[in-house]
Amino acid sequence: MGRYIFNRLLWMILILITTAFVVFTLMYLVPGDPAKSLLGPDASYEVLQIKRHELGVDRPYIIQLADFLYKTFIRFDLGTSWKFGTPIVKDMAERLPRTLAIGVPAVVLSAILGTVLGIYAAINKGNWQDSTTMVLSMVLISIPDFWVALMFILLFSAKLGWLPAYGIGSVSHYILPIICLSLFGVAINARQGRSAMLETIRAEFVVTARAKGQRENVVVRKHMLPNALMPIITGVAGGLAMIVAGSPIMETVFSIPGIGQYMLVGINGHDAPIVRACVMFFALFTTIVILIMDLCYAFLDPRIKAQYSRRRR
Amino acid sequence: MLNAKSENQPKSSLLGDFLGRLMKTAAAKIGVVLLVFIVLACFIGPLLSPYEKNSIELTNMFARPSAEHWFGCDALGRDILTRLLYGGRYSLILGLTTAAISSIVAILIGCSAGYFGGATETLIMRFMDVWSSLPAMLLAIMVSAVLGAGFFATVFALTVGGIAGGVRMTRGQILAERKKEYIEAAESINCSKLSIMFKHLLPNVVQPMIIIATMSIGATIMMAAGLSYIGLGIQPPTPEWGAMLADGRAYIRLYPHMITFPGIAIALTVLAVNLIGDGLRDVLDPKLRD
Numbered sequence: 002m003g004r005y006i007f008n009r010l011l012w013m014i015l016i017l018i019t020t021a022f023v024v025f026t027l028m029y030l031v032p033g034d035p036a037k038s039l040l041g042p043d044a045s046y047e048v049l050q051i052k053r054h055e056l057g058v059d060r061p062y063i064i065q066l067a068d069f070l071y072k073t074f075i076r077f078d079l080g081t082s083w084k085f086g087t088p089i090v091k092d093m094a095e096r097l098p099r100t101l102a103i104g105v106p107a108v109v110l111s112a113i114l115g116t117v118l119g120i121y122a123a124i125n126k127g128n129w130q131d132s133t134t135m136v137l138s139m140v141l142i143s144i145p146d147f148w149v150a151l152m153f154i155l156l157f158s159a160k161l162g163w164l165p166a167y168g169i170g171s172v173s174h175y176i177l178p179i180i181c182l183s184l185f186g187v188a189i190n191a192r193q194g195r196s197a198m199l200e201t202i203r204a205e206f207v208v209t210a211r212a213k214g215q216r217e218n219v220v221v222r223k224h225m226l227p228n229a230l231m232p233i234i235t236g237v238a239g240g241l242a243m244i245v246a247g248s249p250i251m252e253t254v255f256s257i258p259g260i261g262q263y264m265l266v267g268i269n270g271h272d273a274p275i276v277r278a279c280v281m282f283f284a285l286f287t288t289i290v291i292l293i294m295d296l297c298y299a300f301l302d303p304r305i306k307a308q309y310s311r312r313r314r
Numbered sequence: 014m015l016n017a018k019s020e021n022q023p024k025s026s027l028l029g030d031f032l033g034r035l036m037k038t039a040a041a042k043i044g045v046v047l048l049v050f051i052v053l054a055c056f057i058g059p060l061l062s063p064y065e066k067n068s069i070e071l072t073n074m075f076a077r078p079s080a081e082h083w084f085g086c087d088a089l090g091r092d093i094l095t096r097l098l099y100g101g102r103y104s105l106i107l108g109l110t111t112a113a114i115s116s117i118v119a120i121l122i123g124c125s126a127g128y129f130g131g132a133t134e135t136l137i138m139r140f141m142d143v144w145s146s147l148p149a150m151l152l153a154i155m156v157s158a159v160l161g162a163g164f165f166a167t168v169f170a171l172t173v174g175g176i177a178g179g180v181r182m183t184r185g186q187i188l189a190e191r192k193k194e195y196i197e198a199a200e201s202i203n204c205s206k207l208s209i210m211f212k213h214l215l216p217n218v219v220q221p222m223i224i225i226a227t228m229s230i231g232a233t234i235m236m237a238a239g240l241s242y243i244g245l246g247i248q249p250p251t252p253e254w255g256a257m258l259a260d261g262r263a264y265i266r267l268y269p270h271m272i273t274f275p276g277i278a279i280a281l282t283v284l285a286v287n288l289i290g291d292g293l294r295d296v297l298d299p300k301l302r303d
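Line by line, the protein sequences give chains A and B. Just so we're aligned, residue 2 is where the first sequence starts under our numbering, counting upward by one. Just so we're aligned, residue 14 is where the second sequence starts under our numbering, counting upward by one.
In structure tokens, the structure reads:
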């Protein structure tokens, strides 16, 4: 197991380095001159040249890339913003709690609610509970979450005045974003959970357990749930990745200054260091989630562990 | 639907049977009817509409829904229904092209990985791991930042995110098939590698890929709307659904009709495609049928 984790960590670092390379190159290719967009069109050539040198964008691609990789991976320094001149790590540390305050509760909510709904539907397969849950989750998957957010703002903020529409400040500011961000995950997890559960319902070991006269709730809890857990873990991991993907839009809708919105600030302001730092953070987050997911798989399913240790050796 | 038809061409004798089975599920039936309605509305509707998509009528600024303007007008007095119908063309074409391109590319890469095996396979799959370590939406945001606004830039940005998943599926499917006896038989009668790949392995991938592609159309339409909502992707004054939502955001308290209708349009379209995708999965992949 130790060897497996070590291999996976090594692999993770490789993924991050490759991502860094891709992100750097993509942002390098963004058209436009950063010095010009910072100083305006009237700046003289000399001033622009000085600014370019200051930003380090007058160096050749390879040097800039090496510098970026060195700073990111050896010194853990994400650089300073071109526009604001502030250290990005500091800005991100300030914004991260807000992104997490929306994201983590949303994932927990969608995992619990979704799984429970899915299992409930599977147990009542063919009944109205099942079809209601499935219709509901189908509808939830099809509605864009940022539009749901807009509609919720319309209903709960503009019409009813129960909750604030945007910004941060109090706990109540986070209620709508959390709910809106979790809806898609609830639907996905409900569908996943249902089909995973249905698959195990038909499994032979469940038939055996029933045949030997095991009580129904023990069959569900001990035999079916652990086997149904794998796709559910996938669902949760996917949900965490969804947060990363969804945060730019959701934070824009609710005007929450989080990491996702920070990335958009970087993109709209042609502030490459910000974009690179945010993407690196998102990549780190996703790879950690995937690592944990794989470890859970290996822990739950001895077959996977065995397979890995055989292949890697 | 169109997708399924064209890609299923070789077994056209089965097509009628297949469509019959698809239409038996209530959900797929609703999906097909809804989608046909949306497609007809988007491609014929604008011809019947008395309004132009970008004609500005300041007397109608923020007009609420009425007999003349069914869905009301936006901040520049443009008819929202007309713009929605035009926007639908973009969304539908965007969704279809993106799904088609990314599944074809994914099949090609996945087939090469799955068939050739060995170092090629490891290399490709490792590369896919890296690729999918960033969610599709993030990749799309970055790529459209690089490429700028525009239809083809958006298609490319959205395509990039969808490939890695398709490659995984293709390769998994081929791994399972590669061990089967008919491949051994084909090898033993000296079939070339290429013909084994295209004649024997590829057909196994097509069906699951149609399902994935159909499902991805819905996701793509949503991502496209999301992109233009945050100011990337297709830009105003092109009537794009996400951009229309972004336009209406500022007037949410006073003129909610500006954000209500574009959202409903997105939701209905995605719902139609997803229902069809679900139905396709049930019909094409009996293993997954409950």
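All C-beta atoms, glycine included, are put in the ideal place defined by N, C-alpha and C.
Chain B within 7 Å of residue i, Cβ atoms only
i      : result
A:W163 : no
A:R313 : Unreliable positioning characterises A:R313 in this predicted model, as indicated by a pLDDT of 46, which lies under 50. The coordinate reading is nonetheless provided below. Cβ-Cβ to chain B under 7 Å: no for A:R313.
A:I250 : yes
A:W148 : yes
A:T133 : no
A:L226 : no
A:L184 : no
A:V187 : no
A:I16  : yes
A:L151 : yes
A:L97  : no
Reduced DSSP category for residue i - H, G, I as helix; E, B as strand; rest coil
i      : result
B:K24  : Confidence in B:K24 is poor, its pLDDT being 48 and thus under 50, which makes the residue's placement too unreliable to answer from.
A:P178 : helix
A:P232 : helix
B:C86  : strand
A:P88  : strand
B:L251 : As written in the sequence, residue 251 of chain B is Thr, which differs from the Leu given in the question. In the structure shown, B:T251 sits in coil (DSSP, three-state: anything other than H, G, I, E or B).
A:T26  : helix
B:D295 : helix
B:T38  : coil
A:D272 : coil
B:E190 : helix
B:D30  : helix
Alpha-carbon to alpha-carbon, residue j and residue i
i      : j      : result
B:T135 : B:G127 : 10 Å
B:T72  : B:L48  : 35 Å
B:V180 : B:A226 : 12 Å
B:K18  : B:Y268 : With a pLDDT of only 45 at B:K18, under 50, the local geometry of the prediction cannot be trusted, and no value is derived from it.
B:L107 : B:S115 : 12 Å
A:S248 : A:I257 : 10 Å
A:V172 : A:Y121 : 31 Å
A:A94  : A:Y263 : 11 Å
B:N287 : A:L49  : 52 Å
A:I89  : A:I233 : 35 Å
B:S79  : B:G85  : 6 Å
A:I176 : A:I154 : 11 Å
A:G57  : A:Q65  : 7 Å
A:M294 : A:T287 : 10 Å
A:I189 : A:K52  : 49 Å
A:R9   : A:V23  : 21 Å
A:V276 : A:I268 : 6 Å
B:L15  : B:I223 : With a pLDDT of 45 at B:L15, under the threshold of 50, the modelled position of this residue cannot be trusted; read the value that follows with caution. Rounded to whole angstroms, B:L15 to B:I223 spans 11 Å at the Cα level.
B:I69  : B:R91  : 5 Å
B:L147 : B:I187 : 25 Å
Contact set between residue i and chain B, taken where Cβ atoms lie within less than 8 Å
i      : result
A:F283 : L147, P148, L151
A:A159 : I265, R266, P269
A:M139 : A40, L284, N287, L288, D291
Interface flag, residue i vs chain A, CB-CB below 7 Å
i      : result
B:R266 : yes
B:A257 : Here the sequence assigns Met to residue 257 of chain B, which means Ala is not the residue at that position. Chain A, which has no Cβ nearer than 7 Å to the Cβ of B:M257, makes this no.
B:M141 : no
B:M155 : yes
B:R302 : With a pLDDT of 45 at B:R302, under the threshold of 50, the modelled position of this residue cannot be trusted, and the question is left open.
Chain A residues whose Cβ lies nearer than 7 Å to that of residue i
i      : result
B:M235 : P145
B:G108 : Simply none; closest approach about 13 Å.
B:V283 : S143
B:Y242 : F147, I250
Neighbour flag for residue i against chain C, beta carbons, 7 Å
i     : result
B:L35 : The question asks about chain C, but that chain is absent: this structure's protein chains are A and B.
Chain B residues whose Cβ lies nearer than 9 Å to that of residue i
i      : result
A:P274 : Going along chain B, no residue has its Cβ under 9 Å from A:P274, so there is no contact; the nearest lies around 14 Å.
Any non-hydrogen atom of the ligand FMN within 6 Å of residue i CB
i      : result
B:T273 : The ligand FMN is not among the ligands present in this structure, which contains no ligands whatsoever.
>> Between the stretch 274–290 of chain B and the stretch 243–263 of chain B, can you find at least three pairs of beta-carbon atoms closer than 8 Å?
In response: yes
> Any contact of the stretch 157–177 of chain B with the stretch 185–199 of chain B, i.e. 3+ C-beta pairs under 8 Å?
Replying inline: no
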